[in-house]
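Undergrad:
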Amino acid sequence: MSVSADKPRPVEYFAICEVEEIPRGGARAFDLAEPDGEGQKPFRIVIARNARGDHFAYRNACPHQGVWLNVGSGTFFDDSGALRCGRHGSRFDLESGTCVSGPCEGAQLEKIGVAVVTGDVCIHGVKLVEEPRNWDDDETMDITIPQG
Ligand code: FES
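Following this line, the structure appears as structure tokens:
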């Protein structure tokens with residue numbers, strides 16, 4: 001029996017939004033889902049653009065304690081235009097994702113491949129669940145206090 005070498009798989013692009021939906025110098029959060037064994041789990045990302053209009057995508061999780069970067073105020077940038085975490089103020093270089101100051105200085109945001117394909121902002125190099133469940137109904141967030 002012969003074993004054939006694995007063929008390289010074509011890159012799979014997932015369209016997230018249209019280019020116009022994120023202005024230059026802006027950022028937007030997207031709540032997606034990724035496979036988790038037989039189920040799925042939240043996959044939250046942020047896609048940001050610099051002043052030139054280039055796109056950068058990261059998992060929306062601060063390397064310090066894992067919270068969403070836009071926790072609290074809902075915004076992603078500080079007054080200087082750096083990405084920043086709303087919890088303890090770590091600041092990140094937009095283009096590299098490296099923390100340049102704050103409690104996780106030197107740590108790295110998890111970068112996600114992003115490209116513009118026929119007017120759509122697409123991510124690649126990830127596995128997504130096509131029909132994510134509604135995380136707002138997450139019953140695991142309910143706290144049950146046992147009786148007696
Ligand atoms: S959780 Fe982001 S700086 Fe602490």
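Read in the UniProt record's numbering, the sequence shown has 18 at position 18, and its numbers run on one by one without any break.
Quick reminder that beta carbons are idealized off the backbone N, C-alpha and C, glycines included.
1) Using DSSP with H/G/I as helix, E/B as strand and the rest coil, what is E18?
2) What are the boundary residues of the beta strand (DSSP E) that includes V121?
3) Does the contact criterion of 3 or more C-beta pairs under 8 Å hold for the region 121 to 132 versus the region 82 to 102?
4) Classify N134 as buried or exposed, calling it buried when 16 or more other Cβ atoms lie within 10 Å of its own Cβ.
5) Return helix, strand or coil for R133, following the three-state DSSP convention.
6) Could you give the residue range of the beta strand (DSSP E) that holds K41?
7) If you run the structure through DSSP and keep just helix, strand and coil, what is H55?
8) Where do the N-terminal and C-terminal ends of the beta strand (DSSP E) with G113 fall, by residue?
TA: Reading it off the structure:
1) For this step, residue 18 is matched to residue 18 along the sequence shown. In the structure shown, E18 sits in a strand (DSSP, three-state: E or B).
2) Your numbering for residue 121 matches position 121 in the sequence shown. Looking at the DSSP string, the run of the beta strand (DSSP E) that includes V121 is 120 to 124.
3) Below 8 Å, too few C-beta pairs join the region 121 to 132 and the region 82 to 102 to call them touching: fewer than three.
4) Locating residue 134 in the sequence shown gives position 134, counting from the first residue. Burial call: exposed.
5) Sequence index remark: in the sequence shown, residue 133 carries index 133 (1-based). Secondary structure of R133 (DSSP, three-state): coil.
6) Start at 1 with the first residue of the sequence shown, and residue 41 comes out as number 41. Where K41 is concerned, the enclosing beta strand (DSSP E) stretches over 39 to 49.
7) Counting from one through the sequence shown, the residue named residue 55 turns up at place 55. Reduced to three states, the DSSP call for H55 is strand.
8) Taking the sequence shown and counting its residues from 1, the one referred to as residue 113 is at position 113. Segment 111 to 117, the beta strand (DSSP E) holding G113.
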